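Numbering (the UniProt record's numbering), first residue to last: 1 to 274. All C-beta atoms, glycine included, are put in the ideal place defined by N, C-alpha and C. Values in this document were obtained by computation on a predicted structure and should not be read as measured data.
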């Protein structure tokens, strides 16, 4: 008898492209899990920053704190932890660019800007997306008018543990799930079974699997050391059997159709297939 599909792990990433926080429960909001990717680092030109161009961002650790989180640098004990609230105040605003979108954002504190600039060795700013900002999911895959935070394009990323296990069976050195930065990880089911799903729910919260997620060089960056794999793994191996068109696919981009609470251990039920 097949193992039941269960929500195994939940992750939020308060600052896009920095370390994540594993949580036991999370609130589903119109633009993703609450507190997920609502903060963003931008450069001196107000362009978004990620590990694709700045691998050292992997060294900035995120830990939960009361009504916010702490930023620390894994290799800079001289930098005292920086406390950041989950939500900013609208004292200073600016327009920032993320992919093809330009949206306004609230500035963090000057102390936060100074801290992240020192930590990364270049001028940058920490900015926040308020609930007043409208950033839409890709229009060609968004009949319901879903919103997204500072995530790349979709409010949720879903990956099956069996998909990672199958990949690691092909690699000389296995990689952890943090290379792929999911929000929802489920156990049970066959490798890449999620590719076939259309509608599903976790507990009583409904979701829609929109399309497979194309992966990039970020998957080759060790999240502990910020070093890139010289052989391009695991992207190189994934490309041998997970290439569609010009993209290497791993995980499903997902939208939600409501609010609710998710807890680790909740059952996952598939209601329709693609």
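Nearest by alpha-carbon distance to residue i: which of the options is it?
i	options	result
residue 118	82, 219, 66, 26	82
residue 49	124, 259, 243	124
residue 197	243, 268, 183	268
residue 333	214, 36, 41	Since the first residue shown for the chain is 1 and the last is 274, residue 333 is missing from the structure and cannot be characterised.
residue 170	158, 35, 235	235
residue 37	126, 108, 273, 151	151
residue 248	216, 257, 228	216
residue 116	264, 100, 59	59
residue 207	273, 187, 243, 174	273
residue 243	23, 264, 213, 35	213
residue 8	23, 100, 84	23
residue 46	185, 228, 104, 135	104
residue 195	68, 209, 35	209
residue 264	200, 187, 134, 135	187
Give the range of the beta strand (DSSP E) segment to which residue i is assigned.
i	result
residue 237	Segment 235-239 is the alpha helix (DSSP H) holding residue 237; no beta strand (DSSP E) there.
residue 62	60-65
residue 201	197-202
residue 29	25-29
residue 225	Here residue 225 belongs to no beta strand (DSSP E), and DSSP marks it neither H nor E.
residue 7	6-12
residue 137	Run containing residue 137: none; DSSP gives neither H nor E here.
residue 274	That residue, residue 274, is in no beta strand (DSSP E); it is neither H nor E in DSSP.
Taking the C-alpha atoms as reference points, what is the distance between residue i and residue j?
i	j	result
residue 225	residue 97	28 Å
residue 238	residue 180	12 Å
residue 55	residue 89	29 Å
residue 245	residue 163	20 Å
residue 63	residue 271	36 Å
residue 266	residue 53	37 Å
residue 3	residue 102	44 Å
residue 132	residue 21	25 Å
residue 111	residue 193	46 Å
residue 149	residue 161	25 Å
residue 259	residue 230	42 Å
residue 168	residue 240	14 Å
residue 39	residue 218	19 Å
residue 93	residue 86	17 Å
residue 70	residue 106	19 Å
residue 31	residue 108	21 Å
residue 189	residue 176	19 Å
residue 33	residue 14	10 Å
residue 185	residue 6	9 Å
Who are the Cβ neighbours of residue i in its own chain at under 8 Å, not counting the five residues just before and after it?
i	result
residue 261	25, 26, 27, 28, 203, 205
residue 211	141, 252, 253
residue 113	107, 124, 125, 126
residue 99	48, 152, 153
residue 173	233
Tell me the residue span of the alpha helix (DSSP H) that contains residue i.
i	result
residue 116	110-120
residue 171	Here residue 171 belongs to no alpha helix (DSSP H), and DSSP marks it neither H nor E.
Please list, in chain order, all residues of the same chain as residue i whose beta carbon is under 7 Å from its beta carbon, the five residues on each side excluded.
i	result
residue 232	220
residue 166	191
residue 153	137, 138, 253
residue 44	123
residue 76	119
residue 182	11, 157, 158, 159, 251
residue 51	17, 57, 58, 218, 221
Give me, in chain order, the residues of the same chain whose beta-carbon lies closer than 6 Å to that of residue i; leave out the 5 immediate sequence neighbours on both sides.
i	result
residue 178	223
residue 256	28, 207
residue 16	37, 40, 150
residue 19	61, 62
residue 146	137, 255
residue 35	12, 14, 86
With a threshold of 7 Å, establish whether the CB of residue i neighbours any heavy atom of the ligand ADP.
i	result
residue 216	Judged by which ligands are present, the structure shown has none, so any question about the ligand ADP falls away.
Does the CB of residue i have a neighbour CB from chain C at under 8 Å?
i	result
residue 201	You won't find chain C in this structure, because it holds only one protein chain.
Just to confirm the assignment: which complete beta strand (DSSP E) runs, minimum length 3, are found wholly within the stretch 35-100? 39-43, 60-65, 68-73, 82-85, 93-98
Could I get the ranges of all uninterrupted beta strand (DSSP E) runs contained in the stretch 143-193, with 3 residues as the minimum, in chain order? 156-160, 184-187
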